[in-house]
Structures are given as structure tokens and as C-alpha cells.
Amino acid sequence: MDSYDVAIVGGGPVGSFAASSILSQNKALQVAVFEHHQKSGFPPHCSGLIGIDGLKKLKIYHSLAKHVSFNQIKAAKFFSPSGRSFIIDRKQNELLVVDRPRLDSLLAKQAYKHGASFQYRSVVKRITRSKQGLNWIISGISPDTRKFEVVSNIIISAEGHHPRILPQAGLQPPSKKWFLPAFQFELENVSDIDRNFVELYFGSKFAPGFFVWLIPLNDSRTRVGLAIHPYLAKGVRKRLSFVTKKHPILSKKLKKSKLVNSWGGFVPASGPIPRTFTNGFMVAGDAAGQTKATTGGGFNIGGYCGYLAGKVAAESAHVNNYSSNFLKKYQQLWQSVFEPELSLMKFFRRGLSFLPDKKLESFFNIAIQTGIDTHMQKIQNIDLHGKALLKYSLTPRVLIQGLRLIPQTVVSLFQGLFI
Ligand SMILES: Cc1cc2nc3c(=O)[nH]c(=O)nc-3n(C[C@H](O)[C@H](O)[C@H](O)COP(=O)(O)OP(=O)(O)OC[C@H]3O[C@@H](n4cnc5c(N)ncnc54)[C@H](O)[C@@H]3O)c2cc1C
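Written out as C-alpha cells, the structure is:
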């Protein structure tokens, strides 16, 4: 039976970051990455809009991300259900639009070069503690070997949405209700767009529980997608077709467009799980809910948490201590960087998703009147906007104007928290 120091389940970006992180600390460690699909990054599911600041922190902006970038974004335009809008203009390139499948493959290649062994087309089905309780027995299937079984001292779950092995380790997975079904079209010939702007459209008629996005790739190609809350609507693909035909603003822009590609997935909006480690086990990325619940973005934050999980795994191998008591350092590290931001973003997502359009419209009016644009221009890192949103919500002008919306917002928040 093959034996590893660390087995990583999931060869997406988070799994690759974890593998590179371990091996850049200790080249001698045996690290395996088990990936269901034939290649990292495939099939695609992401819109590829990623904060430049976060990419720099991950140290891949210059070396990798810039080479797979289609476009750079300075500003976001937000549309209310009735079509009122405001712009948050960051005045400088803040986000990259990248080719995610290529970026994921490059990250896997980087981890491979560091010495990780990638086992593609290998699905991990079951994990159990060995009889002595010292390590994990990992079993799964792959078309080449049929069944496989390996042992490992540590497992890092980087399984993405709907993790399968996480509950087997006794940890609570993110709430399924907050992985929002999403679909996206890539279109040519979209008119009346600014290449430096992304556009976000809110309203229950088109994207109940989330929003519709428009992301320009270059002068001729654009991504338009949406996510919905599964309690509010079904049929995400049909709904996106409906948007392209019937949305009062978007349908005009898309009138002459031609569909060149489409794909779907689950936007991670659950917020972080309470516990991300146990004996010989850590979890990072979407599987741990380490994403911005407001927008569903998870590449940078999940990637950094993957890096931290790898760092702690290497340290634990160094001292031969795989206990929960040692691995709790991982949770302390990621929380010190990303909390209370992630929990605040979860709180905003839960409060907003079930607001009726009328109230959403009122929030847009308040945002426009109280200058949310200037407030949000000032924040340092766009990936971490939870505290900034809270601070803005608590300014006297917003509080006074927002008082009448509190009862409905509390109802919506309760719905969001307890569904
Ligand atoms: C429509 C959509 C748009 C998005 N847009 C953005 C965006 O613009 N910007 C952004 O930052 N984020 C975006 N995201 C979120 C982002 O894609 C995720 O946060 C990110 O991919 C998380 O990485 P991960 O490695 O945790 O999970 P994944 O990328 O999902 O990778 C997990 C991998 O694990 C493998 N796997 C799972 N279980 C097993 C198993 N048992 N055995 C073997 N392999 C397994 C899967 O095959 C997969 O390859 C979007 C998501 C969706 C759905």
C-alpha cells in the first residue's frame, strides 16, 4: 500500500496551493493530490474575476496570473431591481479577469514541479482511521487501478463544494443551501459596455437570492451569468436565457450577441464552517466555506487558506505530531487573517438574499444618497469588504435613513440564518 505524509483530496487551486506550500518547506515529504477529473481546472465553473491584491499576496500575480489574464477591471456598476445604479470606481486596476482553467492547470504544474504526485481520475470515496489510530486509510476508485487504497499521516480536504470526506472526519460541512446554483454564458458582440467595468444586476425577477453579473473579457467577448437561491427559484440555465431576452437593460446590450460557450456550477456563499481541523485532518477552500459570501469569490481566500494548511501540515510532519491539538494552529492562522471578515460577509449575504425588491430598492436609494461609492473607494483590499460594509451601515446618515428598513431586514436575516 502506498504511503504518504500528506494526502490532499482535490486538485483545484486550493489543493495545489496546499501541495506547493508543504513542499516548499520540506522537499522530502511525500505529498499526493487526488483529483476526480482528468486535469486541474476542468471542467470550468468560475467567472475568473480575481482581486489583484490577493493574487500578489499569493505570490502568483507576476509569475502566473498576469499570463492568463484577459482583462483588468477598475470599477463595478450596481443596478437596482428598477434599474437605478451607482458605481464604485476604484480608479486603478483592482481585479483581473483570468482564464481559470489555465490558471488552475498552471498551479497544479507548479505543485508537481515542487514534487507533489498528482493522481488524476482518482475519486476518494472513503477515509478511515487505521487500527492503531495513527494515520488515515484512504480508499477510492480510478479507472486505471479500479480500487485504490493508500495511507497518510495527514489529509487536507480541498474538495470544493459539497465535500464528501469532510463529514467522514467528523467535521460539519458548509450548509448545502448556500451553495447557490449558477450558470454562465460567454458571448460575443455585446454592445454598450465599458471594458473596465463589471456590472451587477439585482432583483427577484431575474436572480432571486443573488445577482446577475456581466464581466467583459475583451472588446468582443463578455461573460454574463447568474446565481439563484435554491429556496427561491429553480432552473438556473433557463433563467439566464430569460435574462438575456427579457431583462430591461441587459437584453438591449445582448440583442446582437452570439453564444460561444456556457457552463455552470455552485457559487459558494455559505460562510466559514466553525471547525476546520481534527486529528490528522484539515480542510480549506470552498469545502470549508472560506469564500466571500457576498459575491461568491473564493479563489484568493481559499488559496491562502490552502497555503496555511500546507504550512501547518509541513510543521506537523517536522515534529511528528498530527494531533488535533497541533493542527488547531491552522484554524488560528486563517482566522487571524480572514475573521471577522468572512463571518461579516456571511451576515450581509443572509440579510440580503431574502429581501423583497421594494426594500432592496430602498437600500439602493440610501446607498446612492449616502455616498456608498466614496466609502467603498477607500477600503484597502477589495477581497475583504465585510468590516467596511459594517462601518458604512453604522454611519449616522445610513442608520437614520435605514431605520424603517430594520424590521424587514431582520425578518430577511432570520430567514437567511434559519432556513
Ligand atoms: C459560477 C461560478 C463563478 C465563480 N466566480 C468566481 C470569481 O469570479 N472569482 C472567484 O474568486 N471565485 C469565483 N467562484 C468561486 C471559485 O471558483 C471557488 O471558490 C474556487 O474554485 C475554490 O477552489 P477549491 O480548490 O476549494 O475548489 P474547486 O475549484 O471546486 O476544486 C475542488 C476539486 O476537488 C475535486 N474533488 C472533489 N471531491 C473529490 C474527491 N472525493 N476525490 C477527488 N477529487 C475530488 C474536484 O474535482 C475539484 O477539481 C465562482 C464559482 C462559480 C460556481
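Here the sequence shown is numbered in the numbering used here, starting from 86 and rising by one per residue.
Using N, Cα and C, we set each Cβ at its ideal position, and we do this for glycine too.
Discussion item. Given 7 angstroms as the limit, tell me if N178 has its C-beta closer than that to any heavy atom belonging to ligand 3.
Written reply: You won't find ligand 3 in this model; what it holds is ligand 1.
Worksheet item: If you measure from the beta carbon of R214 to each beta carbon in chain B, is any gap under 8 angstroms?
Response: Checking the listed chains, one finds no chain B in this structure; it contains a single protein chain.
Worksheet item: Considering only C-alpha positions, which residue in the set L484, R435, L143 is nearest to G294?
Response: Among L484, R435, L143, the Cα nearest to that of G294 is on R435.
Worksheet item: Just to confirm, does Q253 get its C-beta within under 7 angstroms of one of the non-hydrogen atoms of ligand 1?
Response: The answer is no for Q253.
Worksheet item: Around the C-beta of D229, are 16 or more other C-beta atoms found within 10 angstroms, so that it is buried, or is it exposed?
Response: exposed
Discussion item. If I measure Cβ to Cβ from A160 and keep anything under 7 angstroms in the same chain, skipping five residues before and after, which residues do I get?
Written reply: I172, I173, D174, R175, N281, F282
Worksheet item: With distances taken from CA atoms, which of G365, I451, G395 is nearest N410?
Response: G365
Discussion item. What residue range does the beta strand (DSSP E) around M367 cover?
Written reply: 366-368
Practice prompt. Count the CB pairs spanning the stretch 301-309 and the stretch 146-160 that are closer than 8 angstroms, and state whether there are at least three.
Written response: Short answer: they touch.
Worksheet item: Would you call the CB atoms of H314 and S438 closer than 8 angstroms?
Response: yes
Worksheet item: To the nearest angstrom, how far is it from the Cα of L475 to the Cα of L429?
Response: Just so you know, the alpha carbons of L475 and L429 end up roughly 8 angstroms apart.
Practice prompt. With a cut-off of 8 angstroms on the beta carbons, I'd call E284 and S342 a contact; round off their distance for me.
Written response: Between S342 and E284 the Cβ distance is about 14 angstroms, and since that is not below 8 angstroms, they are no contact.
Fill in: Length-filtered (4 minimum) alpha helix (DSSP H) runs lying within the stretch 423-475
426-438, 442-455, 457-462
Worksheet item: First and last residue of the alpha helix (DSSP H) that includes D174?
Response: No alpha helix (DSSP H) holds D174; the beta strand (DSSP E) holding it covers 170-174.
Worksheet item: Looking only at its own chain, which residues have a Cβ that is under 6 angstroms from the Cβ of N111, when we skip the five neighbours before and after it?
Response: Within the same chain, N111 has close Cβ partners A399.
Worksheet item: In whole angstroms, what separates the C-alpha of G133 from that of N405?
Response: 39 angstroms
Practice prompt. For W221, write down the residues that DSSP places opposite it in a beta bridge.
Written response: R214, S237
Practice prompt. Using 7 angstroms as the cut-off, classify the Cβ of A267 as near or not near the heavy atoms of ligand 1, replying yes or no.
Written response: Taking the Cβ of A267 as the reference point, at least one heavy atom of ligand 1 falls within a distance shorter than 7 angstroms.
Worksheet item: Is the beta carbon of I145 sitting closer than 8 angstroms to the one on L180?
Response: In this structure, L180 does not lie closer than 8 angstroms to I145 by Cβ.
Fill in: Sequence ranges, alpha helix (DSSP H) only - wholly within the stretch 94-179, length at least 4
Whole alpha helix (DSSP H) segments, 4+ residues: 98-110, 137-142.
Worksheet item: Thinking C-alpha only, which one of S497, S106, M367 is nearest I250?
Response: M367
Worksheet item: Exposed or buried, K210, counting other C-beta atoms within 10 Å across all chains shown (16 or more means buried)?
Response: exposed
Item to complete: Please determine, among I453, Y205, Y286, the residue with the shortest C-alpha to C-alpha distance to S227.
Response: Y205
Discussion item. Between D138 and ligand 1, is there a pair consisting of the residue's CB and a ligand heavy atom that are separated by less than 7 angstroms?
Written reply: no
Fill in: CB contact flag (F433, P353, <8 angstroms)
no
Practice prompt. Quick one: residues in its chain with C-beta nearer than 8 angstroms to the C-beta of I240, no 5 flanking neighbours on either side, listed in chain order?
Written response: V91, A92, I93, V94, I212, W221, I223, I250, A254, G365, F366, M367
Worksheet item: Would you say the beta carbon of G370 comes nearer than 7 angstroms to a heavy atom of ligand 1?
Response: yes
Worksheet item: On the premise that F362 lies in contact with Q420, defined as a C-beta separation below 8 angstroms, what is that separation, rounded to the nearest angstrom?
Response: Wrong, their Cβ atoms sit about 11 angstroms apart, outside the cutoff.
Practice prompt. Locate the beta strand (DSSP E) running through Y286, then write down its first and last residues.
Written response: Segment 282-286, the beta strand (DSSP E) holding Y286.
Fill in: N178 versus P252 - alpha carbon distance
40 angstroms
Worksheet entry | Local conformation of T307 per DSSP, three classes | strand
Worksheet item: V306 to D468, Cα distance in whole Å?
Response: Residue identity check: residue 306 is Arg in the sequence provided, not Val. About 25 angstroms.
Worksheet item: Taking 7 angstroms as the cut-off, is the CB of I107 close to at least one heavy atom of ligand 1?
Response: Not under cutoff, so the answer is no.
Worksheet item: Cβ-heavy atom distance between G501 and ligand 1 below 7 angstroms?
Response: no
Discussion item. Please report the distance separating the alpha-carbon of G96 from that of L143.
Written reply: 17 angstroms
Worksheet item: Quick one: Cα of D371 to Cα of S289, how far?
Response: Cα-Cα distance, rounded: 26 angstroms.
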